[in-house]
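Residue numbers (my numbering), protein chains in the order written: chain F, 1 to 692; chain A, 1001 to 1595.
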């Protein structure tokens, strides 16, 4: 038996998969002060459902895979360790300067972001290594020892070290690490060349600073998680999901906690990929995960989950870069709680402000006064005010209607339904904008992709989004409400190793490149022999980070084999670069040589066989729901829509819109002209049949 | 959405996002594929859509000085010179006498044609080049007496593609006259790629909604933007003021250039007027503004000063009246006046003057002055690579601060200069040392160089770099060595620029402010860039923030004491009583002293 637990901001989701492939889902409230308590609570819910004690249930488990927001929460709330930054003399402002850049050129209301480590805890180290590894200035060890004394005085709890060109010659960083061990024992530190051996000092320094600052906290969290699970009767392996959509042993995660930063959203595309394949045979998919306040988009391209090289904590240019590639997820403030408002020029906006959980949408009756997407959905008849969360909460339709009429309808000269429909239209457009943003960057045409909806609010406008993008299919998996936890069950053990070596396709440094590739491969083999020892299948993939001469932004090109040995291999690499460049940017300079800056090897160890799942559905409350209700659609007006329970739909059953399909966790709206069919997999597959 | 449907606030919101999306795709292509540092690091480019009657409709986030006015003028020049446009045409334009900002900004214009051969829109991609064939290896010829001495090839909307194929004559000309032609070629491809992607996307959108709907949208969208601009101006007080802001003496402008900005706010009619006519005639140097830069620089000051969500397009432009005269340094230049550095130096004094004028007239609006450019740390470097003997020429972006304080926030430190707005990236030392034969000895912010105030201006930076194993030329035009960025409403000035050459024996010599210097192997250049101006009295800055500034080494102990009037006791804590007394005393004195 395997468990996957995803701790979110509001809910902790658990998915249990037994040895026959039967899957069950549970949700409990997250306990922000003690997230492990929420994990144990969901396990107690499951035990009750299975009719056994929690310790008996846990004793049956082989593996628990955990997605956590603990690290990112600590950063956002400023609860990380007091961290010092050691840098090459003359370059103290690496973390202040970052890489420059700004958004919203005319917005001067936003002050400059504080550096991740304050200038007052930044210390310069006398040393200098050049780009070719030459030591221009020797490390002044005596001064380093004096600096360490100051660190002690400043009560520093963690140390990040990033020296220029440590990726070419790490001697000075290594020696500083030894001196820290000797003179500041017990204080965790991170050396940039060990954690993230990549070009660009800011990104490497930022990686090291973030990682070091998380070590005390995440070390304690991972230790606590494991020991409390053991105490509760669990004897299996504890894994944690990484920002890169893989999994890693909890104890290893404690050693480089930066990899847990985006642990949650990185899993959704894993599930999305599986359902796209199972339900439509598609290998290109857009995964749209809609929660209460955010809308997260991720992708599958050609069966692979694309990464972004530039991962920000916070808004681009206003936050900090992690310096690591991550599963490319774009988040925007567009969820059920996003607020609708009309500006003084008469333009309707949705978000980015959100009513959040408190006070929440107007219809919650908890003091919210500004109309939201959820309010509009209630007014349109899409959400049943008496069957929200399976009847756990009843909603105030009248209050929602009043707010929409006065704050949107009257200002636009619209009636109530028109105004509510307009709110959904603009929300849809915002989401489409976010999807286009990420697909443009990755060179994907959304028209050839299937759209996968996840999260509680995905079903409201999934048909509309699919129409607007020109997707032929939209899929709501039966695990949609816990898509990330379901994805965690599908994750592989993963690690990445990289090296910096600059060369050109003309005058290619075959020997040095292959030496490096061999080293990366042996690191992968070591991983396979260690954490990957029990895995079913192991895959190593190599990529080159390449660019045209005098470009400075690299793109990733997969290598065809494990080495670049022959002239033909070099020619293949060059051709592959041209075609990747053409695919992403619509141009290629086919006569040009290519520069390679970095090399990466990815190792994946598959943990599970491709077992078919059957989802055992939770039976919703026994509230009687009428089989039809009035609902409003743009272009059709008020119509009589069929209402169905998700769990009552037989496999193969087809409905044509207008229809509304409800479960305890979600509502799926099938617009007029569209149709939906329940597949054998349990998924609902929507044909948007857009007529334009 | 049917072609005849009336456009309401919803459809307008949707179409505006889609056009914005088109511009973003164009910009992404240029940024990621550009070869020269000025594109792939500084983002010194812009992408936009202009209507068939030459109004700016939509643009991607770009350096402000690049995009407000200019695209309209260039599209008009294209139509004038080429009355018959065809699908597949593209035009190269960099003439400052016909709407371009300055000759280094090569612009590609692509007319978007419907199936009946009707001209509907023009896609524009404009990008600063690493080299444009000037007589010296720099795109900033501050000392050029005229366009002939400047030396750039000038293309007044010259056809460069027909039927989607290059006009090879033009390509050959450029390859013969632009240094490091492969780099130029790569940037040309990036620009053509951007414009063509924009064309493709716009045609797809028209296929979906119809050309007439897009025309209808354009009209409504511009009207909407105008309404919002008028509403914002109506919130400001009526008034009129003249402020001046002075560019340092440069070759050809030995007295310096005092820029006078006469600004009037009329909230009743919802108009702001900027009169630049009472200024010197064009000068025999490269500092003169092109018409595009004169208009745009004035507008930048206005958009920096008002609610930032007002959309900058031809609709909101209707509420800004910019008065210019011919043959004026901040007006409309006559050929062969040189406008080589039109986008930065004197233009910055226009924008800064406008935003300071608005700050003085209207409480809670406007801004202080941003620091001045272009210091050696952001200069154009050139030479021959010692390993390959290949020539290189490129602008580096090793660091500048200079942000101005606003009425509600401390500066965005790394704004660079006002026309840039901080969109520029700053180079990685490791990337520069890998790509060029240089080493960077230091780069750090300088304490006390940000203008003091209730809101603090951005600090300046010290950067020192030099060649490794070869000679290196560095071209720069460093303003602000004498005249620092002004604060406003009691805010103090930012730090001044300075530049030195460190010889092999370690001794430093002062370098000229506008120069093309030659560094020998073992020498280095020390660049001190400007700080930005402060907003409001430093005595009003909360003492806890002053303590934070001190702890973080943005200001010195002495400044905390003598400028901010804050006494910091042991342990970095504010001594509230002593500070209050000192501030009361200093406040009394400063009221008597002239501002």
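Think of the CB as a built atom: it goes at the ideal place given N, C-alpha and C, for glycine as much as any other residue.
**Request:** Using a cut-off of 7 Å between C-beta atoms, extract the partners of residue 200(F) located in chain A.
**Result:** 1428, 1430 and 1431
**Request:** Thinking residue 1141(A) and residue 108(F) are a contact (beta carbons under 8 Å), I'd like their distance in whole angstroms, please.
**Result:** 32 Å between Cβ atoms; not a contact.
**Prompt:** Where does residue 1155(A) sit, in a helix, a strand or coil, going by DSSP?
**Reply:** coil
**Message:** Does residue 1349(A) come out as helix, strand or coil in the three-state DSSP assignment?
**Reply:** helix
**Closest Cα partner of residue 943(A) within the set 1362(A), 1576(A) and 1436(A)** = The structure shown does not extend to residue 943(A), since chain A is modelled only from 1001 through 1595, so no value can be given for it.
**Request:** Anything in chain A within Cβ reach of residue 107(F), meaning under 7 Å, just list it in chain order.
**Result:** 1308
**Asked** Does the beta carbon of residue 568(F) come closer than 8 Å to any beta carbon on chain A?
**Response** no
**Item:** chain F contact for residue 1014(A) (CB, 8 Å cutoff)
**Value:** yes
**Selection from 88(F), 64(F) and 211(F) that minimises the alpha carbon distance to residue 1440(A)** = 88(F)
**Prompt:** Would you report the Cα separation of residue 147(F) and residue 573(F), rounded to the nearest angstrom?
**Reply:** 47 Å
**Collapsed DSSP secondary structure at residue 259(F) in the structure displayed** = helix
**Request:** Go ahead and label residue 1457(A) buried or exposed: buried means 16 or more other beta carbons lie within 10 angstroms of its beta carbon, across all protein chains shown.
**Result:** buried
**Asked** Under the rule that 16 or more other beta-carbon atoms within 10 Å means buried, what is residue 1003(A), buried or exposed?
**Response** The predicted position of residue 1003(A) is uncertain, since its pLDDT is 36 and thus under 50; no value can be drawn from it.
**Asked** Does any residue of chain A bring its CB to less than 8 Å from the CB of residue 589(F)?
**Response** yes
**Message:** Taking DSSP's pairing of strands, which residues face residue 1508(A) in a bridge?
**Reply:** 1502(A)
**Item:** Among 1566(A), 1273(A) and 1538(A), nearest to residue 1407(A) - alpha-carbon criterion
**Value:** 1538(A)
**Request:** From the DSSP output, in three-state form, read off residue 527(F) for me.
**Result:** helix
**Prompt:** How would you call residue 494(F), buried or exposed, if buried means at least 16 neighbouring beta carbons within 10 angstroms?
**Reply:** buried
**Request:** Report the residues of the region 330–356 of chain F with a CB closer than 8 Å to any CB of chain A, ordered along the chain.
**Result:** 342, 343, 344, 345, 346, 347, 348 and 349
**Request:** Can you grab the Cα-Cα spacing for the pair residue 307(F) / residue 439(F), in whole Å?
**Result:** 12 Å
**Message:** Residues of chain A with CB closer than 7 Å to the CB of residue 548(F), please, in chain order.
**Reply:** 1035 and 1186
**Prompt:** Can you find a CB in chain A that lies within less than 8 Å of the CB of residue 382(F)?
**Reply:** no
**Prompt:** Under a three-way DSSP split, which group does residue 1390(A) fall into?
**Reply:** coil
**Message:** So, with DSSP's three-state summary, where would you put residue 1592(A)?
**Reply:** Unreliable placement is indicated for residue 1592(A), whose pLDDT of 42 sits below 50; the coordinate value is still reported in the next sentence. Reduced to three states, the DSSP call for residue 1592(A) is helix.
**Prompt:** Just the Cα atoms here: how many angstroms apart are residue 607(F) and residue 491(F)?
**Reply:** 8 Å
**Item:** Whole-angstrom distance between residue 1315(A) and residue 1548(A), CA atom to CA atom
**Value:** 43 Å
**Asked** Alpha carbon to alpha carbon, what distance is there between residue 1055(A) and residue 1299(A)?
**Response** 15 Å
**Request:** Check each candidate in 12(F), 420(F) and 119(F) and name the one with the smallest Cα separation from residue 397(F).
**Result:** 420(F)
**Request:** Please compile the residues from chain F whose C-beta is within a distance smaller than 7 Å of the C-beta of residue 1367(A).
**Result:** 108
**Asked** Sorted by chain position, which residues of the same chain lie with C-beta nearer than 7 Å to residue 158(F)'s C-beta, five sequence neighbours on each side aside?
**Response** 81, 83, 187, 188, 189, 212, 213, 215 and 216
**Asked** In its own chain, which residues sit with a C-beta less than 7 Å from the C-beta of residue 691(F), not counting the 5 before and 5 after it?
**Response** The predicted position of residue 691(F) is uncertain, since its pLDDT is 46 and thus under 50; no value can be drawn from it.
**Prompt:** Is residue 1486(A) near residue 1558(A), with beta carbons less than 8 Å apart?
**Reply:** no
**Message:** Comparing C-alpha positions only, which one of 1105(A), 1296(A) and 1047(A) sits nearest to residue 1020(A)?
**Reply:** 1047(A)
**Asked** Going along chain F in order, which residues have a C-beta closer than 9 Å to the C-beta of residue 1183(A)?
**Response** 549 and 550
**Prompt:** Any beta-carbon of chain A closer than 8 Å to the one on residue 170(F)?
**Reply:** no
**Request:** Would you mind listing the beta strand (DSSP E) stretches within the region 1379–1457 of chain A that are 3+ residues and don't spill past its ends, in chain order?
**Result:** 1380–1384, 1391–1395 and 1438–1445
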